[in-house]
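Chemist: Residue numbers (full-length UniProt numbering): 1 to 307. Just so you know, even glycine gets a beta-carbon here, dropped at the ideal spot from N, CA and C. Sending over a structure as structure tokens; questions will come in a sec.
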Amino acid sequence: MQPLRGIVLKLTAVTLFLIMAAFIKATADAVPPGEAVFFRSAAALPVILVWLAFRGQLSTGLKTDNPVGHIWRGVIGTTSMACTFAGLGLLPLPDVTALGYLAPMMTLVFAWMLLGERLRVFRISMVLLGLVGVMVILFPNLTLFRMGALETGTLVGIGLVLASACFRGLAHVHIRRLTATETTSAIVFWFAVTATALSLLSLPFGWRVPGPADAAMLIGAGLVGGVAQIALTSAYRYGPASLLAPFDYLSIVLATFVGFVFFDESPTGALILGSGIIILSGLGTIWRERQLGLKRGKARQGLTPQG
Numbered sequence: 001m002q003p004l005r006g007i008v009l010k011l012t013a014v015t016l017f018l019i020m021a022a023f024i025k026a027t028a029d030a031v032p033p034g035e036a037v038f039f040r041s042a043a044a045l046p047v048i049l050v051w052l053a054f055r056g057q058l059s060t061g062l063k064t065d066n067p068v069g070h071i072w073r074g075v076i077g078t079t080s081m082a083c084t085f086a087g088l089g090l091l092p093l094p095d096v097t098a099l100g101y102l103a104p105m106m107t108l109v110f111a112w113m114l115l116g117e118r119l120r121v122f123r124i125s126m127v128l129l130g131l132v133g134v135m136v137i138l139f140p141n142l143t144l145f146r147m148g149a150l151e152t153g154t155l156v157g158i159g160l161v162l163a164s165a166c167f168r169g170l171a172h173v174h175i176r177r178l179t180a181t182e183t184t185s186a187i188v189f190w191f192a193v194t195a196t197a198l199s200l201l202s203l204p205f206g207w208r209v210p211g212p213a214d215a216a217m218l219i220g221a222g223l224v225g226g227v228a229q230i231a232l233t234s235a236y237r238y239g240p241a242s243l244l245a246p247f248d249y250l251s252i253v254l255a256t257f258v259g260f261v262f263f264d265e266s267p268t269g270a271l272i273l274g275s276g277i278i279i280l281s282g283l284g285t286i287w288r289e290r291q292l293g294l295k296r297g298k299a300r301q302g303l304t305p306q307g
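Right, here's the structure in full:
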């Protein structure tokens, strides 16, 4: 493994995904979420195909033994993407980013429900701690809601982003199932194809012709998102997940900076505190999984016959 290269690729992916989100947010008033999903997915396809051709996997990397599984993964993932894109038009970028950290916690819950994975006390504690962080972020809005002063758009945005995190967690579990028979290349490519096709279902509901600037940002979101997906996939070839996962939390710093500079969104004390709690929860889970992995490795070594 080459951990330094893995870290660089992971940081690149995190940064590019944030840029993609900023492009989508900047065009939220110009096009509906379904149209944004189309541009994001369709524009990423050429990038993915070039990547596969460069790796010599254009013919083998697209083979699938589970087309129905890809369709279900596409439905779940596209729903998550559409909810996120809709939420970006209603909430500040840092808030969307922070609430999105709920997804890994939901992955643990869905893995327990659907895959029968053991949900240990420590994992449950970290999930609950993460939920506390989410509640801290939402507390100012919950107070306004009780007072009847919360704007409907904000309430809808919160619901959309939380729904997106749940669907994303479910998508991660479904991807685990797909990896039993499918290559990473096939999973990435067929998701882009499925998302592009599914987004066309929203065509009758008010697509608009974007102006030149908006069209450039929408296409840019797809191209940047495609490169980000490749960088993320490649990162895990060079470094272990336990090393790379903590760098996901750089996105809240970048989102706060981009939101402040480009969208005039100032971070609140509740956002900073809640994000810190969620990050602590995530890092605690990563640390615990790393410790369990080390223990399992030592146990296997102890069972290895000695010559």
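Please say whether V261 and I48 have beta carbons closer to each other than 7 Å?
Modeler: By one-based count along the sequence shown, residue 48 stands at place 48. By one-based count along the sequence shown, residue 261 stands at place 261. Not in contact: I48 and V261 (Cβ atoms no closer than 7 Å).
Chemist: Based on Cα-Cα distance, which residue from V8, I19, P3, L9 lies nearest to I252?
Modeler: As a working note, residue 252 is residue 252 in the sequence shown. Looking at the Cα atoms, I19 is the closest of the given residues.
Chemist: For T233 and F85, I'd like the C-alpha separation in whole angstroms.
Modeler: Locating residue 233 in the sequence shown gives position 233, where the first residue counts as 1. Locating residue 85 in the sequence shown gives position 85, where the first residue counts as 1. Cα to Cα, T233 sits roughly 22 Å from F85.
Chemist: How about L200 and P246: do their beta carbons lie closer than 7 Å?
Modeler: Counting from 1 along the sequence shown, the entry for residue 200 is found at position 200. Counting from 1 along the sequence shown, the entry for residue 246 is found at position 246. Against a cut-off of 7 Å, the Cβ pair of P246 and L200 comes out as no contact.
Chemist: Determine contact between the region 161 to 175 and the region 75 to 95, defined as no fewer than three beta-carbon pairs at a distance below 8 Å.
Modeler: In short, these stretches touch, since the Cβ pair count reaches three.
Chemist: Output the distance between the C-alpha atoms of T12 and L119, rounded to the nearest integer angstrom.
Modeler: In the sequence shown, the residue the question calls residue 12 occupies position 12. In the sequence shown, the residue the question calls residue 119 occupies position 119. Their Cα atoms are separated by approximately 32 Å.
Chemist: Checking 7 Å against the spacing of the C-beta atoms, do T27 and A255 come in under that value?
Modeler: Looking up residue 27 in the sequence shown gives position 27. Looking up residue 255 in the sequence shown gives position 255. Not closer than 7 Å, so no.
Chemist: Ignore the nearest five residues each way along the sequence and tell me which others in V71's own chain have a CB closer than 8 Å to its CB.
Modeler: Along the sequence shown, read from residue 1 onward, the residue named residue 71 stands at position 71. Residue identity differs from the one stated: residue 71 is Ile in this sequence, not Val. Once the five neighbours on either side are set aside, the close Cβ partners of I71 are T194.
Chemist: Assign W207 to one of three DSSP states: helix, strand, or coil.
Modeler: As a position in the sequence shown, residue 207 is number 207, starting the count at 1. Looking at W207 - three-state DSSP - the assignment turns out to be coil, as it is neither helix nor strand.
Chemist: Distance check for K295 and L303, CA to CA, integer angstroms please.
Modeler: On the sequence shown, residue 303 is found 303 positions in, with the first residue counted as 1. On the sequence shown, residue 295 is found 295 positions in, with the first residue counted as 1. Residue placement at L303 is poorly supported in this model, since its pLDDT is 47, which falls under 50; the coordinates still yield a value, given next. Spanning the two alpha carbons is a distance of roughly 13 Å.
Chemist: Have a look at L93 and T196 and give me their C-alpha separation to the nearest angstrom.
Modeler: Counting from 1 along the sequence shown, the entry for residue 93 is found at position 93. Counting from 1 along the sequence shown, the entry for residue 196 is found at position 196. Roughly 24 Å separates the two Cα atoms.
Chemist: Quick one: is I204 buried, meaning 16 or more other Cβ sit within 10 Å of its Cβ, or exposed?
Modeler: Here residue 204 refers to the residue found at position 204 of the sequence shown. In the sequence as displayed, the identity of residue 204 is Pro instead of Ile. Exposed.
Chemist: Which runs of the beta strand (DSSP E) fall wholly inside the UniProt domain "EamA" (156 to 282) and span at least 3 residues, in chain order?
Modeler: If we require 3 residues or more, the UniProt domain "EamA" (156 to 282) turns out to have no beta strand (DSSP E) run fully inside it.
Chemist: Could you spell out the range, first to last residue, of the alpha helix (DSSP H) harbouring A61?
Modeler: Here residue 61 is taken as the residue at index 61 of the sequence shown, counted from 1. According to the sequence provided, residue 61 is Gly. The question's Ala does not apply to it. Unbroken run through G61: none, as it is neither H nor E.
Chemist: Exposed or buried, which one is M135 when buried takes at least 16 other CB atoms within 10 Å?
Modeler: Translated into positions along the sequence shown, residue 135 becomes position 135. That one is exposed.
Chemist: Going along the chain, which residues of its own chain have a beta-carbon closer than 7 Å to the beta-carbon of H174, five neighbours each way excluded?
Modeler: Taking the first residue of the sequence shown as 1, we reach residue 174 at position 174. Only W72, R73, I76 meet the Cβ criterion.
Chemist: Can you give me the C-alpha to C-alpha distance between K10 and Q2, rounded to a whole angstrom?
Modeler: For the purposes of this step, residue 10 is taken as the residue at position 10 of the sequence shown. For the purposes of this step, residue 2 is taken as the residue at position 2 of the sequence shown. Each residue's Cα considered, the two are about 12 Å apart.
Chemist: Quick one: residues in its chain with C-beta nearer than 7 Å to the C-beta of F39, no 5 flanking neighbours on either side, listed in chain order?
Modeler: Position 39 of the sequence shown, counting from 1, holds the residue named residue 39. Result list for F39: L218, I219, A221, G222, in chain order.
Chemist: Report yes or no: do three or more beta-carbon pairs, one from the region 96 to 115 and one from the region 29 to 46, lie closer than 8 Å?
Modeler: Too few Cβ pairs lie closer than 8 Å, so no.
Chemist: Near A30, which residues of its chain fall below 6 Å by C-beta distance, leaving aside the five closest residues on each side in sequence?
Modeler: Here residue 30 corresponds to residue number 30 of the sequence shown, with the count starting at 1. So the list reads P210, D214, once near-sequence residues are dropped.
Chemist: What number of angstroms, rounded off, separates the C-alpha of V161 from the C-alpha of L99?
Modeler: Walking along the sequence shown from the start, residue 161 turns up at place 161. Walking along the sequence shown from the start, residue 99 turns up at place 99. Looking at the two C-alpha atoms, the distance is approximately 7 Å.
Chemist: For a quick check, are the C-beta atoms of M126 and S281 less than 7 Å apart?
Modeler: Reading the sequence shown from its first residue, position 126 is the one you call residue 126. Reading the sequence shown from its first residue, position 281 is the one you call residue 281. Their beta carbons are under 7 Å apart, which means M126 touches S281 by this criterion.
Chemist: Can you tell me the Cα-Cα spacing of E151 and G116, whole angstroms?
Modeler: Residue 151 sits at position 151 when you count from the first residue of the sequence shown. Residue 116 sits at position 116 when you count from the first residue of the sequence shown. Distance between the alpha carbons of E151 and G116 is about 40 Å.
Chemist: Out of G89, G276, D264, V50, point me to the one whose CA is closest to A36's CA.
Modeler: The residue you call residue 36 lines up with position 36 of the sequence shown. Comparing Cα positions, the closest option is G89.
Chemist: Within 10 Å of its beta-carbon, does V14 have 16 or more other beta-carbons around it, so buried, or fewer, so exposed?
Modeler: The sequence position of residue 14 within the sequence shown is 14, counting from 1. Under this definition V14 is a buried residue.
Chemist: Taking Cβ to Cβ, would you say Y238 is nearer than 7 Å to R5?
Modeler: Within the sequence shown, residue 238 is the residue found at index 238, counting from 1. Within the sequence shown, residue 5 is the residue found at index 5, counting from 1. Yes; because the gap between Cβ atoms is below 7 Å, this pair is in contact.
Chemist: Alpha carbon to alpha carbon, how far is L108 from P212?
Modeler: What you label residue 108 is simply residue 108 of the sequence shown in a count that begins at 1. What you label residue 212 is simply residue 212 of the sequence shown in a count that begins at 1. Cα-Cα distance, rounded: 42 Å.
Chemist: According to the Cβ coordinates, are I137 and L271 closer than 7 Å?
Modeler: Mapped onto the sequence shown, residue 137 falls at position 137. Mapped onto the sequence shown, residue 271 falls at position 271. Going by C-beta atoms, I137 is nearer than 7 Å to L271.
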